[in-house]
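Residue numbers (the UniProt record's numbering): 1 to 253.
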């Protein structure tokens, strides 16, 4: 762990609140993944979108841009789970995937309906929304892995989203304390800063850990590099939402 938390949480407090810290000692491959991605992971939490969301100053326009991109992302995210399910012959992982598909589908429908109503996102905005170049790069990479790689690769491709959100949500909630009462994005923080959402990452980590035990070192290295790319995509998802940037260059409309 880095000594300085992007949100200013003291190291001792951070270790007490973070599911990430409590979880890693019993999951050596998960720890390897996190350590490889740690520089991007930690820098990501300190970028403007998340800092301003935490203190309640994030503009409505930036949040709406993010929610529309997240809505499109989750549709692809569910499809990647479904491809993993089709490739899986392990009963326990199939059950985990089925529950994850149901949960992500619920998030796509009910959660985004809530934020649509809360922030005045219109049906026309939803219907006309198109993925940004950065979001499309993220989901295209996951879909390519899902169609061409074995099950463990697909699970590792899915992991950055669930794990990063669970960690960031927990730390944001801890950093703002009682000020969450007046934060306009409280519903978002409440959703991702809970133990319930953390469980959405735990099954993935547990299943990946079990599958990784029989993998050769060369494949483990490939999986580690793939995970880092996923965390980099998470970083760019937030960054492009803050800039409301749809194309690779802002001037490309």
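By construction, the Cβ of each residue, glycine as well, lies at the ideal position given by its N, Cα and C atoms.
Judged by their CB atoms, residue 170 and residue 56 are not nearer to each other than the 8 Å cut-off. With respect to the C-alpha of residue 58, the residue from 215, 202 and 239 having the closest C-alpha is 239.
Annotation for residue 171: the continuous alpha helix (DSSP H) segment containing it runs 151-176. By the criterion of at least three beta-carbon pairs nearer than 8 Å, the segment 131-147 is in contact with the segment 72-91.
DSSP places residue 141 in the uninterrupted alpha helix (DSSP H) bounded by 133-148. When the five nearest sequence neighbours on each side are left out, the beta carbons in the same chain lying within less than 6 Å of the beta carbon of residue 87 are those of 151, in order along the chain. Residue 113 is classed as exposed because its beta carbon has fewer than 16 other beta carbons within 10 Å across all chains shown.
Judged by beta-carbon spacing, residue 71 lies within the 8 Å limit of residue 126, meaning their Cβ atoms are closer than that value. The DSSP-derived three-state label of residue 244 is coil.
Residue 61 sits in a helix when the DSSP states are folded into three classes. Each residue's CA atom was taken as its position, placing residue 119 and residue 54 some 17 Å apart. Under the rule that a run must span 3 or more residues, no beta strand (DSSP E) segment is found entirely inside the segment 36-83. When Cβ pairs closer than 8 Å are counted between the two stretches, the segment 212-231 is seen not to touch the segment 188-204, the count staying below three.
Your pair residue 197 and residue 166 checks out as a contact, with CB atoms roughly 5 Å apart and the cut at 8 Å. Annotation: residue 73 to residue 135 spans about 7 Å, alpha carbon to alpha carbon. If you compare the alpha carbons of 138, 93, 249 and 121 with that of residue 209, the shortest gap goes to 93. For the options 168, 174 and 103, the alpha carbon positioned closest to that of residue 44 is the one of 168. Burial check for residue 122: the Cβ neighbour count within 10 Å stays below 16, so the residue is exposed. It is roughly 11 Å from the alpha-carbon of residue 220 to the alpha-carbon of residue 156. Within its own chain, the residues whose Cβ lies closer than 6 Å to the Cβ of residue 163, once the five positions on either side in sequence are excluded, are 201, listed in chain order. Residue range 91-106 is occupied by the alpha helix (DSSP H) that includes residue 94.
As the crow flies, the alpha-carbon of residue 105 is around 28 Å from that of residue 224.
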